[in-house]
Amino acid sequence: TPIKSSAASDVYKRQALYCRLSRDDEFSGDSVSIQTQKAMLSQYAREQGFSNCEFFVDDGYSGTNYNRPDFQRMLGFVEDGKVAIVCVKDLSRLGRDYLQTGYYTEVIFPEHDTRFIAINDNYDSLKADYQTNNLYVPIKNLFNDAYSRDVSIKMRSFYDYKKRNGMPTCAFAVYGYRREKGSKKLLVDENVAGVIQSIAAAKLFGLSLQQIADKLNEQQVLCPAEYKRSISPNYKCGPRKKVVCKWTKMAVSRILRNRVYTGCLELGKTYRPNYKVKRPFLAAKDSWSQYENAHEAILSKVEFDTIQRTMDVEMRRNPQAET
């Protein structure tokens, strides 16, 4: 049976079944897993007689981040008038930012005649009365927002603890190193340590950053991003496009400028003002925490310092050398 709606053309529109799971949600067990969400949404769709369903899934994305690939894809269909219904397990799956979530439920969806359903919250915009729309949903969104703030405070405290104790805080080890569960130190990745040493040797020999990048590409050496993807299926760095990344002079420069390869661990180089700001800011250098001999070095300090002097001279001669 076609869904009853104010628009006769709704029978041809999608019923968008949206699922989202963040890394923090994974600690809650199977109750919020993607599989559980899909099963619940599928059952609900069958019971309601939805006939043109399509799943939109964002796995590994925070509820405070609305730049999720499938959420944006779904939103594009909504704005094009191609979605009759957006259905989620609960309001927190749509998002955990009070203002942003409210903007979608109270402005975007109604503006495009899109019905919104949150199953576990027993909310259906087609049936909701004034009190539900103006009291329950905003309060529920506020609770979801508070949950994100609480998680952020706990995570920040955890990272501060690791920073004070000289422990790596990154989710993925920097190119050239690897992380093992239970290890408090970075371990040398023998698969690519030789690449870093050859980059340093090429620079000491006198090659430019671009010449080094070109040589690596000619030899078909995987750049850091592609190498991480090849060994870490869960690695995400921005929207994944069907384009193989290549070595650039900036990638070479970042390696040659990184003191981590001398065994020095630098922590607190970036910060975010609060949990709603996704773009990291560069912290003042005097606020960084540095731990010498924190792990095995790939380059000697003599090599590293010599390279820094060489690159500094090049930068004075040509300010665009590293850009």
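Take -1 as the starting number for the sequence shown in our numbering and just add one per residue.
The beta-carbon is built from N, C-alpha and C at its ideal position, and this holds for glycine as well.
Note that the structure is a prediction, hence the values are computed from the model and not measured.
Worksheet item: Considering only C-alpha positions, which residue in the set 289, 250 and 102 is nearest to residue 266?
Response: 289
Discussion item. Could you compute how far the alpha carbon of residue 13 sits from the alpha carbon of residue 96?
Written reply: 24 Å
Worksheet entry | Reference residue 305, options 54, 244 and 198, closest by Cα | 198
Worksheet entry | the stretch 247 to 254 / the stretch 210 to 230 touching (three or more Cβ pairs under 8 Å) | yes
Worksheet item: Which class does residue 83 belong to by DSSP, given the choice of helix, strand or coil?
Response: strand
Worksheet item: Name the DSSP beta bridge partners of residue 57, please?
Response: 19
Discussion item. By the three-class DSSP mapping on this structure, what secondary structure does residue 33 have?
Written reply: helix
Discussion item. Quick check on DSSP: helix, strand or coil for residue 294?
Written reply: coil
Worksheet item: Considering only residues of the same chain and omitting the five flanking positions on each side of residue 108, which have a CB-CB separation below 8 Å?
Response: 123
Worksheet item: To the nearest angstrom, how far is it from the Cα of residue 77 to the Cα of residue 117?
Response: 23 Å
Worksheet item: So what's residue 230 in DSSP terms, helix, strand or just coil?
Response: coil
Worksheet item: How should residue 280 be labelled, buried or exposed, when 16 other C-beta atoms within 10 angstroms of its C-beta is the threshold for buried?
Response: exposed
Fill in: Distance CB(residue 69)-CB(residue 56) smaller than 7 Å
yes
Item to complete: Report the residue from 59, 244, 202 and 229 whose alpha carbon sits nearest the alpha carbon of residue 216.
Response: 244
Item to complete: Apply the 10 Å Cβ neighbour rule to residue 301 and answer buried if 16 or more other Cβ atoms are within range, or exposed otherwise.
Response: buried
Practice prompt. Please name the residue or residues paired with residue 121 in a DSSP beta bridge.
Written response: 116
Worksheet entry | Contacting residues, own chain, Cβ-Cβ under 8 Å from residue 228 (five flanking each side not counted) | 220
Worksheet entry | Local conformation of residue 175 per DSSP, three classes | strand
Fill in: Neighbourhood of residue 296 by C-beta distance below 6 Å, restricted to the same chain and skipping five residues each side
174, 191, 194 and 259
Worksheet item: Is residue 219 helix, strand or coil when you go by DSSP?
Response: coil
Fill in: Contact under 7 Å by Cβ, residue 112 with residue 84
yes
Practice prompt. Report the residue from 182, 46, 61 and 303 whose alpha carbon sits nearest the alpha carbon of residue 255.
Written response: 303
Item to complete: Select from 210, 10 and 99 the residue whose C-alpha is nearest the C-alpha of residue 81.
Response: 10
Discussion item. Using a 10 Å radius around the Cβ and a threshold of 16 neighbouring Cβ atoms, would you call residue 18 buried or exposed?
Written reply: buried
Worksheet item: Are the CB atoms of residue 61 and residue 93 nearer to each other than 7 Å?
Response: yes
Practice prompt. Report the residue from 33, 49, 40 and 20 whose alpha carbon sits nearest the alpha carbon of residue 63.
Written response: 20
Worksheet item: Ordered along the chain, which non-local residues of its own chain (more than five positions away) have a Cβ less than 8 Å from that of residue 283?
Response: none
Worksheet entry | Assigned secondary structure, residue 329 (DSSP; H/G/I helix, E/B strand, else coil) | No statement about residue 329 is possible, as the shown extent of the chain runs from -1 to 321 and does not include it.
Practice prompt. Count the other CB atoms, across all protein chains shown, that sit within 10 Å of the CB of residue 66; report buried if there are 16 or more and exposed otherwise.
Written response: buried
Discussion item. Would residue 186 and residue 294 be called neighbours here (beta carbons separated by less than 7 Å)?
Written reply: yes
Practice prompt. Note the first and the last residue of the continuous beta strand (DSSP E) segment covering residue 89.
Written response: First-last for residue 89: 89 to 92, but that is the alpha helix (DSSP H), not the beta strand (DSSP E).
Worksheet item: beta strand (DSSP E) containing residue 251: first to last residue?
Response: Unbroken run through residue 251 is the alpha helix (DSSP H), 247 to 255; no beta strand (DSSP E).
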